[in-house]
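Add 2 to a position in the sequence shown, counting from 1, and you land on the number used in our numbering.
Glycine included, every Cβ here is placed at the ideal spot set by N, Cα and C.
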Amino acid sequence: MSLSKAKYILVGILFYFTAVFYLHFSFNESFRDFFIPLSVLGMGFSLISWLFTNQFIDPVHKPKIKNELLFIIPLIIWIAFYITYGGSLINKLLPASWIENPAIYSIIIFLRKLLFFVFVPFLIYKAYGFSVKDFGLKDFPVKLFSGQSLLLLILSILVLLFQYYAGRGGKDIQNGSFSITQFVIGIPLCLIYLVFDAGLIEEFFFRGFLQSRLATLFNSNSGGIVISAIIFGLVHAPGLYLRGAASEGIGEQMPFLYFATYTIAYMSVAGVFLGIIYSKTKNLWLVMILHAVVDIIPNFSDFIATWHIK
């Protein structure tokens with residue numbers, strides 16, 4: 003392992019364990035709560051991803067442009083602003099009937115995220131000669147009978163098993179909350195929806211754009227993976243602090259530093275394996291599909307209710 007690679011990995015480990023120890027000693031968070039996310043998502047899936055892609059030739063990224071950090075930093079702030087305030091500000095401009103209709107509102111959320119996460123960064127970089135292929139959107143998502151397709155199959159099975167038995171959405175399926183018709187119709191539709199709603203939007207910004215450009219700036223794929231993972235967690239912290247975090251199971255108001263460390267301990271570590279895959283394949287379609295697979299069980303119940311699938 004090169005010194006450069008080791009340096010960034012150590013930085014990631016330092017950030018992670020600083021967050022964990024702070025949460026444990028300041029807020030009595032049990033070390034056991036961190037074990038499954040770290041061992042399964044952070045280490046298990048990452049190790050599998052590395053084993054399958056280690057022999058791949060590193061993809062080529064566009065050279066860095068002059069003063070590129072002056073584009074990257076404002077775009078990170080732009081995303082943090084959207085996550086914290088953007089949705090509520092846009093909602094004030096819309097008819098109440100649109101917001102009250104779950105299906106219409108779902109489309110609105112998708113379109114506004116598409117604007118903030120995809121269109122704005124892409125249009126800025128398009129002015130400097132970048133194309134969608136430079137962000138990993140190749141012509142063919144995954145070739146059959148290739149190492150990438152085998153990796154997709156194995157990780158999809160493992161992710162679904164993990165979410166079914168350990169995730170928050172698995173209990174609804176285990177309890178028989180859905181009909182056969184809902185499964186047959188809902189699963190493919192939900193997967194397609196999530197490939198674009200979660201996969202394209204988040205993976206384009208945090209993998210296709212941020213990770214690849216940081217890897218170029220620091221001349222290190224490991225640096226791109228680690229730093230973009232940390233940023234991915236931290237940009238969610240202001241929103242959790244200001245709006246509350248009931249969706250994360252946190253009912254009481256906590257100080258900002260709690261949410262900053264919480265997002266590193268849980269959110270940052272969860273996306274490392276996708277960063278490893280993208281760093282070796284530069285195939286955004288692949289990580290988009292995997293991201294959708296990660297999200298399908300936790301989001302299936304809401305999808306069925308939103309689109310009235312019976």
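Contacting residues, own chain, Cβ-Cβ under 7 Å from residue i (five flanking each side not counted)
| i | result |
| --- | --- |
| Asp136 | Lys64 |
| Val197 | Met290, Ile291 and Ala294 |
| Val274 | Gly44, Ser48, Ile227 and Ala231 |
| Tyr84 | Phe118 |
| Asp199 | Phe112 |
| Pro39 | Tyr268, Val271 and Ala272 |
Straight-line Cα distance separating residue j from residue i
| i | j | result |
| --- | --- | --- |
| Ser230 | Thr283 | 17 Å |
| Gly277 | Ile298 | 19 Å |
| Asn69 | Val134 | 22 Å |
| Val316 | Pro257 | Residue 316 falls outside the range modelled here, since the chain spans only 3 to 312, and no answer is possible. |
| Ile328 | Arg215 | Outside the displayed span of the chain (3 to 312) sits residue 328, for which this structure offers no information. |
| Ala129 | Lys66 | 14 Å |
| Pro190 | Thr183 | 12 Å |
| Phe185 | Leu162 | 15 Å |
| Ala82 | Ile252 | 20 Å |
| Ala272 | Tyr195 | 21 Å |
| Leu157 | Ile50 | 8 Å |
| Gln176 | Lys312 | 18 Å |
| Lys145 | Phe27 | 48 Å |
| Trp287 | Phe33 | 35 Å |
| Leu132 | Pro76 | Checking the sequence, you will find Phe at residue 132 rather than Leu. Looking at the two C-alpha atoms, the distance is approximately 18 Å. |
| Val120 | Leu71 | 18 Å |
| Lys94 | His238 | 22 Å |
Minimum Cβ-Cβ distance from residue i to chain B less than 8 Å
| i | result |
| --- | --- |
| Gln57 | In summary, chain B is missing from the structure at hand, where a single protein chain is found. |
Contacting residues, own chain, Cβ-Cβ under 6 Å from residue i (five flanking each side not counted)
| i | result |
| --- | --- |
| Glu31 | Leu25 |
| Leu280 | For the sequence presented, residue 280 should be read as Tyr rather than Leu. Arg209 and Val289, listed in sequence order. |
Given residue i as reference, the closest of the options once Cα atoms are compared
| i | options | result |
| --- | --- | --- |
| Gly235 | Ser99, Tyr260 and Arg114 | Tyr260 |
| Ile92 | Leu193, Leu113, Leu72 and Lys312 | Leu113 |
| Phe36 | Ile50, Glu205 and Phe19 | Phe19 |
| Tyr127 | Gly210, Ser51 and Leu154 | Gly210 |
| Phe124 | Glu205, Ala262 and Ser303 | Glu205 |
| His310 | Lys94, Ser108 and Ile59 | Ser108 |
| Tyr243 | Thr86, Pro61, Phe29 and Pro76 | Thr86 |
| Ile15 | Val122, Ala267 and Ala98 | Ala267 |
| Pro240 | Ile78, Leu154, Gln57 and Ser28 | Ile78 |
| Ile90 | Ile110, Arg34 and Val62 | Looking at the sequence shown, residue 90 is not Ile but Ser. Of Ile110, Arg34 and Val62, the residue nearest in Cα terms is Ile110. |
| Pro61 | Thr265, Thr218 and His238 | Thr218 |
| Tyr167 | Val42, Leu12, Val13 and Phe29 | Val42 |
| Gly172 | Pro76, Phe132, Val296 and Ile59 | Val296 |
Nearest-angstrom Cβ-Cβ length linking residue i and residue j, presumed shorter than 8 Å
| i | j | result |
| --- | --- | --- |
| Ile203 | Lys140 | Not a contact, Cβ separation roughly 18 Å. |
| Gly138 | Asn285 | 6 Å |
| Phe17 | Gly149 | With 8 Å as the limit, Phe17 and Gly149 do not qualify as a contact, their Cβ atoms being about 31 Å apart. |
| Ser270 | Asp174 | No, Ser270 and Asp174 are not in contact; Cβ-Cβ is about 27 Å, not under 8 Å. |
| His101 | Phe180 | Looking at the sequence provided, one finds Ile at residue 101 rather than His. In fact, because the Cβ distance is near 27 Å, the residues do not count as touching under 8 Å. |
| Ala98 | Thr308 | Contact doesn't hold; Cβ gap of about 18 Å is too wide. |
Close beta carbons around residue i, own chain, < 8 Å, minus the five adjacent residues each side
| i | result |
| --- | --- |
| Ile233 | Ile78, Phe208 and Leu212 |
| Leu152 | Phe54 |
| Asn56 | Lys282 |
- For the region 95–140, list the alpha helix (DSSP H) runs that are entirely contained and at least 4 residues long, ordered along the chain. 98–102, 104–115 and 122–128
- Query: Unbroken alpha helix (DSSP H) runs of length 4 or more, entirely within the region 20–96: which are they?
  - Reply: The qualifying runs are 33–38, 48–55, 71–83 and 89–93.
- Mind pulling the beta strand (DSSP E) runs of 3 or more residues that sit fully within the region 136–215? none
- What residue ranges within the region 253–308 form continuous alpha helix (DSSP H) runs of no fewer than 4 residues, ordered along the chain? 258–264, 274–283 and 286–308
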